[in-house]
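Report on the following structure.
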Amino acid sequence: MEIIANKGIGNMIMQNWLRQNRKSVIFLTIAILVLIAWYNRFILDDAFIGFRYARNLAQGNGLVWNVGEYVEGYTNFLWTILMSLSFIFGIDPIIFSYILGLIFFTLSLWFSYKLMELLLQSSTQAILGIILLGTNYTFSSYATSGLETQMQAFLFVISIYYLIKFVQGERNFKLLFSLSLLESAAMLTRPDSFILIFITSIVIIWVLIKNYDDKKIIIQKSSYFFLPMILIIGIWLVWKISYYGSIIPNTYYAKTVNIVYIFGIYYLHKFFTVYFFFPELIMLILLIPSIIRRRYYSIIILISLVFLWLAYIIKIDGDFMEFRFIVPIMPFIILLTIWLLFEIINQKIVRITLITCIFLADIYHCVASAGIGSHKKFRMFLGGQIETIPQLADHLESYEKDWDTIGKKLRKYFGDSSDVIIATSAAGAIPYYSGLRTIDMIGLNDKWIVHNGVIRSGSSSAHRFQSPLSYLVRRKTNIIIGHPKIYSKKLATDGYNSFSEFQKSIMKSKLRFLYLDCEFPKSAKVLGIPIDSDRTLFTIYLTPNKTVDKMIARYGWKTYPISQ
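Here it is as structure tokens:
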């Protein structure tokens, strides 16, 4: 009895200490989590697609990828507009994206804490929740990346925070107007935020009808939310039609063909198993009838948003980037987990066991992903079409890929005002740094390919198209980079025992996103472009060009016959 009493006193002392030092504890916790996110920082090749749009906008060329070609090859309008500020003020876009991402990460954690405290009525549980959230390797890593992921997560969590306050009785103009602006911003950040707007709209209408008999009051209060949003999103859509000729972004056509949904289910299965959220998911599903019966409205809202979002992920067949699409709802997954652990599960040992398992799963994922040489093995664990975060970073950082250096070298050789046209499936750093007019071989930034290209069999969720050779010939493409493949003398024994063995793999790499619907022109050849004294980028020199010929003559670049 004395031991139990001492434990009870100890818990009370801890609770009182946390209550008295709550702000300091939260500040320190978030600061540590931001430092962890900075340590996990990385940049995606896809980020440079947006950087190229942002740079063209800042330079007065319009919101375009290739100057003069009006294609909406992005799905993050507001993020791209923010990124254009880096070019206007002369700030490195990578650093600027890191700063923006970490700001949104900090805000995500803060409003996740506020939301958890509001629903759980416990600062201790809320702090535990943001620790679980902020130490999650995927959520922490996507604090950076150069994409809008963390911005969308912040807009989701603050919107739900305001929505729950609305449900609990705060129904003034300021809250509804703020919620309207936030969800409009979410929609402009990513169009799939429509799911958030859909849930919010239903909740607002339901709450107003349930609590007010006067139709005038219902119409008045609902207008505070709907009218600003209709105005903002309406203006944006009208602009899109006048500028790009369509409401639907080009990326939609590039990513939503030939979908079988199996990979989307697999994608979710991997997330819930890797991070040990499957037991909580099963418990939550089993408890849904009881939750509805007991009218836990706030929990019902969270469950509805999470499950509708998961259905959306299945609908689009997942993604090839490690769990990126789950990040916006991760605060709610963690919140529901904490709610289950403390409101439903009474046994303390079960709580501790589940929390420990979640932490251990996260640590294993982090170590296995970042471990030297282990990420290739771990990719097999995630699945061949899901790339881990270190693998995504490797596209720009690894010696054998180094796509940013390839782009910089092309710029050095040809200049950004050159008439040289390249074609590549790596539509990020290479086109961005080279500054050259580029044909996106998978069609994200090319209208013709997504409507007339060839659908690849067994393709990932983001890379479904091949570019026909005849199209590249018609566009007078000079250099086909395809999927970039560098030959290194130092790494020749890593998979290739000799240059001749490597040469046999060149065409396979080039043809990965190239459909041979016609013969190569007789003048076409394989061209080796030196990256440095050790490494060479092998390309297909398709259409003769004076600038390219000049570089071949000046530097003695080697050419080889094409072997199909």
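For the sequence shown, the residue numbers in the working numbering are 878 to 1441. Ideal placement from N, C-alpha and C gives every residue a C-beta, glycine not left out.
- When C-alpha distances from T1301 are compared across L1349, L1273, Y1276, the shortest belongs to L1349.
- Distance from the CA of A914 to the CA of S1017, rounded to the nearest whole angstrom, comes to 5 Å.
- Taken through DSSP and simplified to helix, strand or coil, K1423 comes out as helix.
- Beyond the five residues adjoining it in sequence on each side, I1035 comes within less than 8 Å, by CB distance, of L984, F988, L1059 in the same chain, given in chain order.
- Membership of K1402 in the beta strand (DSSP E) is indicated by the continuous run 1402-1407.
- Three or more beta-carbon pairs drawn from the region 1315-1333 and the region 1344-1364 are found closer than 8 Å, and the two stretches are therefore classed as touching.
- Linking R899 to T1066 through their CA atoms gives a straight-line distance of about 33 Å.
- Among the bridge pairs identified by DSSP, S999 is matched with none.
- Taking the Cβ atoms as the reference, I1356 lies roughly 11 Å from V1403, outside the contact range of under 8 Å.
- Within the same chain, and ignoring the five residues on either side of Q1029 in sequence, the residues whose Cβ sits closer than 8 Å to its Cβ are A1063, T1066, R1067, S1070, V1204, P1205.
- Within a 10 Å sphere around the beta-carbon of I1079 sit fewer than 16 other beta-carbons, which makes this residue exposed.
- Going by beta carbons, T957 and Y975 fall outside the 7 Å limit.
- A Cβ-Cβ separation of about 13 Å leaves L1213 out of contact with L1231 under the 8 Å criterion.
- In this structure the region 1163-1183 does not touch the region 1119-1136; the number of beta carbon pairs closer than 8 Å is below three.
- Distances from the alpha-carbon of F1075 to those of L1108, I1037, T1015 put I1037 closest.
- Shown here, Y1432 sits in a helix according to DSSP, grouped into three states.
- For R1170, the enclosing alpha helix (DSSP H) has its first and last residue at 1155-1170.
- Taking 7 Å as the cut-off, the Cβ atoms of T1416 and P1407 do not count as close.
- For the 7 Å CB-CB criterion, E1199 and T1265 form a contact.
- Assignment of S1347 by DSSP, reduced to helix, strand and coil, places it in the helix class.
- T1150: member of the alpha helix (DSSP H) spanning 1139-1151, first to last residue.
- The secondary-structure analysis by DSSP pairs M1198 across a beta bridge with E1264.
- Classified as buried, P1308 has 16 or more neighbouring CB atoms from the shown chains inside 10 Å of its CB.
- Counted as a single uninterrupted DSSP element, the stretch harbouring G1312 is not any beta strand (DSSP E), since DSSP gives it neither H nor E.
- The beta carbons of L1321 and G950 sit closer together than 7 Å.
- Comparing alpha carbon positions, the residue from A1303, N1329, V1331 closest to I1358 is A1303.
- Under the criterion of beta carbons closer than 8 Å, T1012 and D1239 qualify as touching, at roughly 6 Å.
- Residue environment: H1146 is assigned as exposed (fewer than 16 neighbouring CB atoms within 10 Å of its CB, all protein chains considered).
- Counting other Cβ atoms within 10 Å of its Cβ, G1006 reaches 16 or more and is therefore classed as buried.
- Looking at the backbone, the Cα of P1398 and that of I1299 are separated by about 16 Å.
- For G1359, the enclosing beta strand (DSSP E) has its first and last residue at 1356-1359.
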